[in-house]
Amino acid sequence: MFARVRWILLVTLLVLLTATLGVSAQTTPDENTLVIGQSVDVGSLEPSLVGSRAESNIFGHLYGTLYDIQSDGTLAPFLANSYTISEDGTEWTFTLNEGLTCHDGEALTAEDVVYTFQRAANPENAFTGNTVGFVFPSVGFVDARAESDLEVTIITDRAQSEPLRLGLLSEVYLHCKDYYESLTLEEAAENPVGSGPYRFVEWVRDDYVLIEKVDPEAPGFSRIVWRVIPEASTRVAELIAGNVDIVANVPPDQVAAVDASGVATVQAVQGTRRMYVGFQFSEAFADSPGWEAIQNTDVRVALQYAIDVPTICSTLLGTECTRASSMVNPPNDNPNLVPYPYDPALAEQLLDEAGYPRGENGVRFEMVLMGPRGRYLNDANVVQAIGQYLTDIGVQTTVEILDWSSDYLPRVREKNVGPMFFLGTGGSTWSALYDMADLSAPDAGTNYTNWQNAEWFELWDATAGATPEAERELINQMLEVFYNDPPWLLLYFQPDFYGVSNRIEWQARRDEQVIVTEAALRP
Amino acid sequence: MMLAYIIRRLLQSVVVIIGVTLLSFLTLHLAGDPTYLYVSERASEEEIIQARQRLGFDRPLPVQYFSYLGGVLTGNFGNSLRARQPAMELVLERLPATLELTIFAMAISTLVAIPIGIVAAINRGTPLDGGIMLFAMFGQSIPSFWLGIMLILAVGLGLRALPISGHVPFLEPLFSGNFQLAASNAPETLRYLIMPSITVGVFSLSRNARLVRSAMLEVLSQEYVTTARSKGLGERVVIVRHALRNALIPIVTMIGLEFGFLLSGVVVAETVFSWPGVGRLVFNAITQRDIPVVQASVILFSFLFVGLNLIIDIIYVQLDPRIRLR
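Residue numbers (this note's numbering), protein chains in the order written: chain E, 281 to 803; chain C, 45 to 370.
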C-alpha cells in the first residue's frame, strides 16, 4: 500500500516538473507585440458605455474621434480636418477626411457621425458612459445633422469656449451605422468594430484584450495586449520579469526596485488630477465641530499656510511636486498666482486675527476631516498627515477614513461629506475651463463644497461666447477669486507612476491616458 | 427513504438560498445609493434622478427585491448594470476558472493533509510530529495575500520556475466539448495553477492535517485497534484498513465545508494572480454595486455549497453504515 502511495507521489512530482518546462502563455511581449498591464478590465466593449480610464485607454486605439487630444494638450485634426462655428456659437460643422472606413470596410461618412451621436443620446439605449453622462450635458448637445457626405453639424443649446467644446467632442468615439444598426445592444457590447488605428481581435474577460494594427505600414506595434493585473505588486513583478512592457500605478515604495532591476524604469509624471481638501459650506453641517470657523474666509486662507505640501509629496508620494495655486492645471492656470507657502507661524497669526486664538488647552477649534482609502495614491496616509498639520496649529482634527466605493463616494456625490474632506477630481491639459467646470454653477453636481461665491458664477456665465482673449482674462479673474476666497485647501496634482520596459521607447502622458500608437522597440 | 431525504433537503435549500439573496440584497442597498456609480461625476441632479428611475433604484426596496426574485424564479437574473450582459451568463463564464482553482486547491489540501496527518499521528511526540505541526501552525497563521506575493517573488520572479500571473483554461474548453484544446492546455493550466492553488489551499491543508492527526490519535486508542494489533495484523493494515476509515468521517465533514471556505478564499488568490474567476467578478461587482451580478453569484454559490453538502451527507452513509438518513 505504502509503495503504491510512493509511486503516486513520484508520478505527481514528475507531472508537476514537466509542467514547469512548458511554454508560456500567448500574451507575452515580442518584437511585434506590446503588453500593457492595467488594474481593471473593461466592463463592456460598447463605445457609448466607456466610463473609466482603463476603458478609454483601449477605446482610444479602437475608435477614431473628430479631433484628437495630444499629449501636450493641443487639439489636432483626426477623422475631421477642420470645423466652422455658427454665428451664435451653437452649431459646429466638421469636415471629415475623405476615404474613411470602419474596420469592417464600411465607409465612414457624415451620416455615420450623426448616427453615432444620436445612438448615444437615444434614451431607449440607456447608455451611462462618458459620452452621454458627461460630454453631452457639458456641451448642451441637442442633435446632429449631415450636411453632405463629409460635413456634419453638431447642434447644441449654447455657445461655449472653443477649446473646451472641441476637447469634449473629441471624447466621442465614432463608428459606422450599418454595422451597429444590425446588432442588438448585447451583441454590440461584445463585438466592437471601430474606426481607429487598431482593430479588435479578442477579449477574455478579466484576463486580456487583444487588438491589432489596421495599417501594417503605420508606426507602432502590430499587436497590443491589455492584460488585467489587479494587484500592483504582481504588475511590478510581471514588469521586472519582462512579461509586460508598461504598467500604470506603480506603488511609490516599489519605484526603486523597478529602477534597480535593469529591465525597466519608472516614469513619474505630474498628473492632471487635482487633489484638495474641500471646505463644506452646506448648512446641513452647521452642527459639526469646526463648520462655523471655516465659513470665515480668513480662516480658510490661514489653513492654506498650515500644510507642507512638498514634504507630503516627497515622503508619502515618492516624488517631488509643486503645490497647486489654483484648480487649473498648468500651463493653463493664472501665472500671477503664487502657491501658498508652508508657514505655520503665519497660519497661527492669521487664525488669531480671525478670532480663533488657542484656548487654555491649546485648541482653537475642533474639526472633522474625512478621506477615502484605496482611491488615490496613498490617500489614507496623506489625510492623516493633513490632519496632523492642522492639529499642530491648534485645529484639533479628527480624521475619519472611509471605504471609497461603499461609503465615501456616495457621500461625496450626495454632498454629504465634511466639514473638511479630501478629494481628487480629474483635470485636463487642454482647457482651463474644463478644470473649472467643477464649479460651473452653484448647484453643479461637482460643486461638492456647495460654494456660493456670486462673483465666480457671474464671471463663469460671462465666458460663454467670449473671445479667446476675453475668456483668458475672465479665467484669470475667476482664479483670483478662487485664490482669495478658497473653497478648497489647495494641495497638489497627483503624480502618476508608469513602469516602462527598457526594450521600448514610450513617453507617459500627464492625462492618465496610455496611448501607445507611437511606442517602438529601442534600436 | 433516500429520495424523501433528498427532496426534504432540497426544500430546505430553497429557503436557505432565498434567505441569502435577501441578506445580500439588503447589505448592498444599505451601503448607499448605487445610482451614483452609473452616472458621470459631473452629472446634474436631474440626470441623476433620471438614471435612478431608469435603473429602477427609485422603487421601494421590497418592490426591487420581489421584482428581482420574480425574475429569478423565471430564470431571469437580470443584466449586469455595467457589462449589459445577462448576470448569470457572466458568472457562468468565469465559473470554470474558479472551479479549476478550487478543485486543485482542495485536492492539494486533502491529498497532502491526510498522509502528513497520519504520519504525525503514528509518530506522536517525535520531532517529525513536531515539525509537521509547526508547519500546520505556520500554514494557518500566514495571510494568504502575503503568501501569494511571496510565492510570486520567490518562485515566479526569483527562480523563474512558474508563471507569475495569468490563466490558461482547461475546464472551459472541456465543458464546451473542445477536448483537444483542453488536453493541449492541460500542462500550461497546471503551471498556472500551482502557486494560486497553494495560496488558496495552504490554510485548509494545515487545518486538515491537524484534524487528521487528532482523529487518527483518537481512533488509534480505540479497543478495536488494540484488538487488531493483538491479532497480529501488520501496522499498515491496522492503520489503513481499521483506523483511517473511521478517522475519515470528521474529515469528510470538513471537506464539505471546505469547498465553501475555499470558494470564498479564492478572491484573494484571483486578485493576486490575475485569475479570471468568479471571486474577482463578485468582488468587483460588490465594489461597483453591480447588484444583479452579486445576486447571481450568491445564488450559484449557495447552490454549489448546499448541493455539495448534500452529497457529503450521502457519502456518510457509505462510509459508516451506522448512520441512517432522517
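Here a beta-carbon is modelled for each residue, glycine too, at the ideal position from N, C-alpha and C.
Buried versus exposed, by CB contacts within 10 Å (16 or more), residue i
| i | result |
| --- | --- |
| Leu237 (chain C) | buried |
| Pro403 (chain E) | exposed |
| Trp190 (chain C) | exposed |
| Met181 (chain C) | exposed |
| Ile355 (chain C) | exposed |
| Ile330 (chain C) | buried |
| Tyr268 (chain C) | exposed |
| Gly175 (chain C) | exposed |
| Thr726 (chain E) | buried |
| Met34 (chain C) | Because chain C is modelled from 45 through 370, residue 34 (chain C) falls outside the range shown and cannot be assessed. |
| Val419 (chain E) | buried |
| Ser304 (chain E) | Unreliable placement is indicated for Ser304 (chain E), whose pLDDT of 43 sits below 50; the coordinate value is still reported in the next sentence. Ser304 (chain E) is exposed by the Cβ-count criterion. |
| Phe214 (chain C) | buried |
| Gly119 (chain C) | exposed |
| Asn252 (chain C) | buried |
| Met700 (chain E) | buried |
| Lys493 (chain E) | buried |
8 Å Cβ cut-off: residues of chain E touching residue i
| i | result |
| --- | --- |
| Gly210 (chain C) | Ala305, Thr307, Asp487 and Arg507 |
| Pro320 (chain C) | Val484, Arg485, Asp486, Asp487 and Val508 |
| Asp102 (chain C) | Ordered by position in chain E, no residue passes the 8 Å Cβ test against Asp102 (chain C), which lies about 14 Å from the chain. |
Close Cβ partners of residue i (< 7 Å) along its chain, the five nearest in sequence each way excluded
| i | result |
| --- | --- |
| Ala313 (chain C) | Leu145, Ser188, Gly192, Pro240, Thr243, Val244 and Trp319 |
| Phe219 (chain C) | Pro140 |
| Asn123 (chain C) | Gln129, Pro130, Ala131 and Pro336 |
| Leu301 (chain E) | Note on Leu301 (chain E): pLDDT 42, under 50, position unreliable in the model; the coordinate value appears next. Correct list: empty, nothing qualifies. |
Span of the alpha helix (DSSP H) around residue i
| i | result |
| --- | --- |
| Phe416 (chain E) | Phe416 to Val419 |
| Gln398 (chain E) | Ala390 to Ala401 |
| Tyr363 (chain E) | No alpha helix (DSSP H) contains Tyr363 (chain E), which is instead part of the beta strand (DSSP E) from Ala360 to Ile365. |
| Leu307 (chain C) | Arg289 to Val316 |
| Tyr669 (chain E) | Asp659 to Asp672 |
| Tyr714 (chain E) | Ala712 to Met716 |
| Trp736 (chain E) | Ala734 to Ala742 |
| Met224 (chain E) | No statement about residue 224 (chain E) is possible, as the shown extent of chain E runs from 281 to 803 and does not include it. |
| Gln459 (chain E) | Note on residue identity: the sequence assigns Tyr, not Gln, to residue 459 (chain E). Note, Tyr459 (chain E): alpha helix (DSSP H), Lys457 to Glu461. |
| Ile574 (chain E) | Trp571 to Ile574 |
Collapsed DSSP secondary structure at residue i in the structure displayed
| i | result |
| --- | --- |
| Gln266 (chain C) | coil |
| Tyr620 (chain E) | coil |
| Tyr556 (chain E) | strand |
| Phe219 (chain C) | helix |
| Ile681 (chain E) | strand |
| Pro531 (chain E) | coil |
| Ala721 (chain E) | coil |
| Met132 (chain C) | helix |
| Arg691 (chain E) | helix |
| Gly824 (chain E) | Because chain E here runs from 281 to 803, residue 824 (chain E) falls outside it and cannot be looked at. |
| Ile330 (chain C) | helix |
| Thr514 (chain E) | helix |
| Asp348 (chain E) | strand |
| Ile509 (chain E) | coil |
| Tyr109 (chain C) | helix |
| Ser304 (chain E) | Because the pLDDT of Ser304 (chain E) is 43, which lies under 50, any placement of that residue in the model is unreliable, and the question is left without a value. |
| Gln550 (chain E) | strand |
| Asp791 (chain E) | coil |
Endpoints, beta strand (DSSP E) assigned at residue i
| i | result |
| --- | --- |
| Phe777 (chain E) | Trp768 to Ser781 |
| Glu492 (chain E) | Tyr488 to Lys493 |
| Ala356 (chain E) | Leu355 to Pro357 |
| Tyr453 (chain E) | It is not in any beta strand (DSSP E) - Tyr453 (chain E) carries neither H nor E in the DSSP assignment. |
| Leu649 (chain E) | Phe645 to Arg653 |
Cross-chain neighbours of residue i in chain C, by beta carbon under 7 Å
| i | result |
| --- | --- |
| Gly323 (chain E) | Arg126 and Ala127 |
| Ala406 (chain E) | Arg98 |
| Leu388 (chain E) | Result: empty, since nearest Cβ-Cβ is about 24 Å, beyond 7 Å. |
| Gly639 (chain E) | Near Gly639 (chain E) there are no residues of chain C at all, since even the closest Cβ is about 37 Å away, more than 7 Å. |
| Arg693 (chain E) | Tyr80 |
Neighbourhood of residue i by C-beta distance below 8 Å, restricted to the same chain and skipping five residues each side
| i | result |
| --- | --- |
| Val415 (chain E) | Phe421, Leu448, Leu449, Glu451 and Val452 |
Residues that residue i contacts on chain C, provided the C-beta gap is smaller than 9 Å
| i | result |
| --- | --- |
| Pro531 (chain E) | None at all; the shortest Cβ gap to chain C is about 12 Å. |
Amino acids of chain C, ordered along the chain, whose beta-carbon sits closer than 8 Å to that of residue i
| i | result |
| --- | --- |
| Thr671 (chain E) | Those do not exist, as Thr671 (chain E) stays about 29 Å from chain C at its closest Cβ, beyond 8 Å. |
| Gly420 (chain E) | Within chain C, no residue comes near Gly420 (chain E); the closest Cβ sits about 12 Å away, beyond 8 Å. |
Any non-hydrogen atom of the ligand HEM closer than 7 Å to residue i Cβ
| i | result |
| --- | --- |
| Asp578 (chain E) | Of ligands this structure carries none, so the ligand HEM is not represented either. |
Neighbourhood of residue i by C-beta, 6 Å cutoff - its chain only, sequence neighbours within 5 removed
| i | result |
| --- | --- |
| Cys456 (chain E) | Cys382, Glu386, Leu388 and Asp392 |
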